[in-house]
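> If you're matching them up, the sequences are chains A and B in order.
Everything in the first sequence is counted per the working numbering, starting at 3 for the first residue and increasing by one.
Everything in the second sequence is counted per the working numbering, starting at 62 for the first residue and increasing by one.
Where a beta carbon is used, it is the ideal one built from N, C-alpha and C, also for glycine.
Computed from a prediction, not measured in an experiment: that's the story for all the values here.
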Amino acid sequence: DSGVTQTPKHLITATGQRVTLRCSPRSGDLSVYWYQQSLDQGLQFLIQYYNGEERAKGNILERFSAQQFPDLHSELNLSSLELGDSALYFCASSWTVTGELFFGEGSRLTVL
Amino acid sequence: ELKVEQNPLFLSMQEGKNYTIYCNYSTTSDRLYWYRQDPGKSLESLFVLLSNGAVKQEGRLMASLDTKARLSTLHITAAVHDLSATYFCAVVVQGAQKLVFGQGTRLTINP
C-alpha cells in the first residue's frame, strides 16, 4: 500500500459525459501528479500540482482539468468524454516536486 | 524536450537466464527511478538513483546510473517467473520539475 488513495477504482460511462476522479496523496506529500495509461500510448504525464499550485503540464487535453485543494487532495475532471479517453488514470504523490513518486491503484475509466 | 527511451520494449526470456534492460535519456539529469508494474496494477517503486555511478541491488535486480552517458541499466540475474512485469524508468528533467517516463519494457519469464 503506497498510501495514495484514488476513487473510484472503476467507472463506466457514456460518450459526452463528465466524470471526476479523486486522489488523496500520502500524508505529508505536497506534490500530486496525474498520469493516463492506455494500451497504445503507455504512461502519459497529464499535470502536476505542488501545494495547491500547478507546476507542470503535460499532454492534457482542454476537455480535462484538474486542481489541488487546500487539504492537498486533487481532482481530475474529464468532460465531453470520448471512446479514446478509456484508460487507467493514475495519481501519484511525492514530498518534493522531483522526489520519488508513489502511485495510487488507479481509476479505470471505460467510455462506452 | 527530454526523451526517455527503453530498450528492449518486449523481452521474453527463460528462467535462470540473465538480461539487461537499458534506459537512455536525451538531456542532463541526475535523478532516475525504476518502477515495476504488474498487469492492471499500480506502479511500484524499485530503485532511486541519485548520482553518477550509483548502483543499487534488490534480490535479483540491480540498477545503475551513468549520467555522463545518460544511461541507466536494470540487470536481471537468474530470472524467475515472479519477475514477469513491465518495468519503467523515469527521469527528472533538471530545472523543469518534471518526471518523464520511458515506454516501459514488458518482461515475460517462461518456466
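Here's the rule: buried if 16 or more other CB atoms are within 10 angstroms of the residue's CB, otherwise exposed. What is Gln-1(A)?
Outside the shown range of chain A (3 to 114) lies residue 1(A), about which nothing can therefore be said.
> Touching or not, the region 79-90 of chain B and the region 132-149 of chain B, by the rule of three or more beta carbon pairs under 8 Å?
Touching, per the Cβ criterion.
> So which residues on chain A does Phe-149(B) lean against when the C-beta distance must stay under 8 Å?
Indexing the second sequence from 1 puts residue 149(B) at position 88. Residues of chain A passing the Cβ test: Leu-45.
> Measuring only between beta-carbons, confirm whether Phe-104(A) sits less than 9 Å from chain B.
For the purposes of this step, residue 104(A) is taken as residue 102 along the first sequence, with counting starting at 1. Taking Cβ atoms only, chain B reaches closer than 9 Å to Phe-104(A), which makes this a yes.
> Over the uninterrupted beta strand (DSSP E) stretch that includes Leu-74(A), give me the two end residues.
In the first sequence, residue 74(A) corresponds to position 72, counting from 1. Here Leu-74(A) belongs to no beta strand (DSSP E), and DSSP marks it neither H nor E.
> What whole-angstrom Cβ distance do Leu-23(A) and Tyr-91(A) have, given they're in contact under 8 Å?
Counted from its first residue, the first sequence places residue 23(A) at position 21. Counted from its first residue, the first sequence places residue 91(A) at position 89. Going by Cβ atoms, the distance from Leu-23(A) to Tyr-91(A) rounds to 5 Å, so yes, they are a contact pair.
> For Tyr-235(B), go through chain A and note every residue whose CB falls closer than 9 Å to its CB, in chain order.
Lying before the first or after the last residue shown, residue 235(B) is absent from chain B, which here runs from 62 to 172.
> Within this structure, are the beta carbons of Ser-76(A) and Phe-66(A) separated by less than 9 Å?
As a first step, residue 76(A) must be located in the first sequence, where it is residue number 74. As a first step, residue 66(A) must be located in the first sequence, where it is residue number 64. Not a contact, by the Cβ cut-off of 9 Å.
> Should Gly-18(A) go down as buried or exposed, given a rule of 16 or more other Cβ atoms within 10 Å for buried?
Taking the first sequence and counting its residues from 1, one reaches residue 18(A) at position 16. Flag for Gly-18(A) reads exposed.
> Given this structure, state the Cα-to-Cα distance separating Tyr-2(A) from Ser-145(B), to the nearest angstrom.
The structure shown does not extend to residue 2(A), since chain A spans only 3 to 114, so no value can be given for it.
> For the pair the region 48-62 of chain A and the region 85-102 of chain B, tell me if three or more CB-CB distances fall below 8 Å.
No: fewer than three Cβ pairs fall under 8 Å.
> Please classify Phe-71(B) as buried or exposed, where buried requires at least 16 other C-beta atoms within 10 Å of its C-beta.
Taking the first residue of the second sequence as 1, we reach residue 71(B) at position 10. Label assigned to Phe-71(B): exposed.
> List, in chain order, every chain A residue whose beta-carbon is nearer than 7 Å to that of Gln-164(B).
On the second sequence, position 103 is the one that residue 164(B) refers to. Within chain A, the residues near Gln-164(B) are Gly-44.
> Drop a sphere of 10 angstroms on the beta-carbon of Ala-2(A), count the other beta-carbons inside from all chains shown, and report buried for 16 or more, exposed for fewer.
Nothing about residue 2(A) can be reported from this structure: the residues present for chain A run from 3 to 114 only.
> Rounded to whole angstroms, how far is the Cβ of Ser-96(A) from the Cβ of Asp-31(A), which I believe are closer than 8 Å?
Here residue 96(A) refers to the residue found at position 94 of the first sequence. Here residue 31(A) refers to the residue found at position 29 of the first sequence. Indeed, because the Cβ distance is near 6 Å, the residues count as touching under 8 Å.
> Cα separation between Gly-108(A) and Thr-7(A)?
For the purposes of this step, residue 108(A) is identified with residue 106 of the first sequence, where counting begins at 1. For the purposes of this step, residue 7(A) is identified with residue 5 of the first sequence, where counting begins at 1. C-alpha separation (whole angstroms): 8 Å.
> Secondary structure at Asp-162(A), three-state DSSP: helix, strand or coil?
Nothing about residue 162(A) can be read from this structure; chain A reaches only from 3 to 114.
> Counting only C-beta atoms, is Ser-1(A) closer than 9 Å to chain B at any point?
Absent from the structure is residue 1(A), since the part of chain A shown begins at 3 and ends at 114.
> Is it buried or exposed for Thr-89(B), if we count other Cβ within 10 angstroms and need 16 for buried?
For this step, residue 89(B) is matched to residue 28 along the second sequence. Thr-89(B) is exposed by the Cβ-count criterion.
> Out of curiosity, what's the CA-to-CA distance linking Gly-2(A) and Phe-105(A)?
One cannot answer for residue 2(A) here, as it falls past the ends of chain A, which runs 3 to 114.
> Helix, strand or coil, according to DSSP, for Leu-72(B) in the structure here?
Residue mapping note: residue 72(B) aligns to position 11 of the second sequence, counting from 1. In the structure shown, Leu-72(B) sits in a strand (DSSP, three-state: E or B).
> Can you give the Cα-Cα distance for Val-21(A) and Lys-59(A), rounded to whole angstroms?
Mapped onto the first sequence, residue 21(A) falls at position 19. Mapped onto the first sequence, residue 59(A) falls at position 57. The straight-line gap from Cα to Cα measures roughly 20 Å.
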